[in-house]
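In my numbering, the protein residues as written are 31 to 244.
The C-beta atom is built at its ideal place from N, Cα and C for all residues, glycine as well.
Below you'll find the structure, written out as structure tokens, and then a few comments.
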């Protein structure tokens with residue numbers, strides 16, 4: 031019986047107690063680490079996130095109380111105007127997706143904040159970067175490449191997933207960049223800056239993020 035309640039967690043590097051949580055309107059049951067909140071069962075393919083974002087099926091969004099443990103410890107929001115960054119952070123808070131959200135004005139600031147985390151003996155707490163592409167100094171693509179280059183100096187560190195949440199259209203070159211930066215995904219930010227139109231889309235993307243195993 032004890033083995034049924036414990037699973038190996040790659041993020042924690044040991045067997046941990048697990049919690050079964052119900053996700054989505056259909057009540058799909060997934061197993062999560064009771065320590066870090068990571069999903070311990072496999073679900074979906076690499077393209078499922080983008081396909082679900084594009085599909086527009088709002089039924090995939092689920093209630094706030096369905097997330098028992100935050101999926102992420104710390105999420106970086108990089109390159110967004112304050113009003114957009116605040117909307118994303120508010121949605122993350124409502125879904126209990128992360129314990130902490132840190133906003134960075136550009137890619138340079140992101141790198142500066144990441145290095146102390148990578149060097150920490152306690153293990154990295156930053157485990158997701160949500161980035162725009164257009165931004166001053168280091169744009170999102172260059173910042174992502176810089177992040178992966180820096181991570182090579184820390185071989186025991188797990189790669190930080192990147193979500194490019196941006197108005198930049200997906201083309202063949204961008205697809206190659208995302209593949210190179212894996213684990214990385216793409217979601218369109220949408221054409222409108224109107225909070226009433228933008229907030230529902232952001233909430234939907236955040237709901238999908240909670241179900242991603244990267």
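Whole-angstrom Cβ separation of residue i and residue j, contact assumed at under 8 Å?
i	j	result
residue 100	residue 127	6 Å
residue 236	residue 109	So it is not a contact: roughly 17 Å between Cβ atoms.
In three-state terms, what does DSSP make of residue i?
i	result
residue 140	helix
residue 163	coil
residue 155	coil
residue 240	coil
residue 50	strand
residue 235	helix
residue 195	strand
Checking 8 Å against the spacing of the C-beta atoms, do residue i and residue j come in under that value?
i	j	result
residue 245	residue 148	Because residue 245 is not part of the residues shown, which for the chain are 31 to 244, the question remains open.
residue 144	residue 174	no
residue 184	residue 137	no
residue 117	residue 232	yes
residue 105	residue 158	yes
residue 125	residue 240	yes
Excluding the 5 residues flanking residue i on each side, which residues of the same chain have their C-beta closer than 8 Å to its C-beta?
i	result
residue 213	189, 191, 192, 244
residue 115	107, 133
residue 154	147, 148, 187, 188, 190
residue 176	137, 141, 168
Sorted by chain position, which residues of the same chain lie with C-beta nearer than 7 Å to residue i's C-beta, five sequence neighbours on each side aside?
i	result
residue 163	169, 170, 171, 194, 196, 198
residue 45	36, 37, 38
residue 156	104, 106, 144, 147, 190
Who are the Cβ neighbours of residue i in its own chain at under 6 Å, not counting the five residues just before and after it?
i	result
residue 130	104
residue 227	none
residue 182	none
Quiz item: For the stretch 200-230, which segments carrying the alpha helix (DSSP H) assignment without a break, of at least 4 residues, lie completely within its bounds, in sequence order?
Solution: 202-210
Quiz item: Can you list, in chain order, the stretches of the alpha helix (DSSP H) that have 4 or more residues and sit fully within the stretch 95-127?
Solution: 112-124
Practice problem: May I have a chain-ordered list of the alpha helix (DSSP H) segments no shorter than 4 residues that lie completely inside the stretch 165-193? | Solution: 170-181
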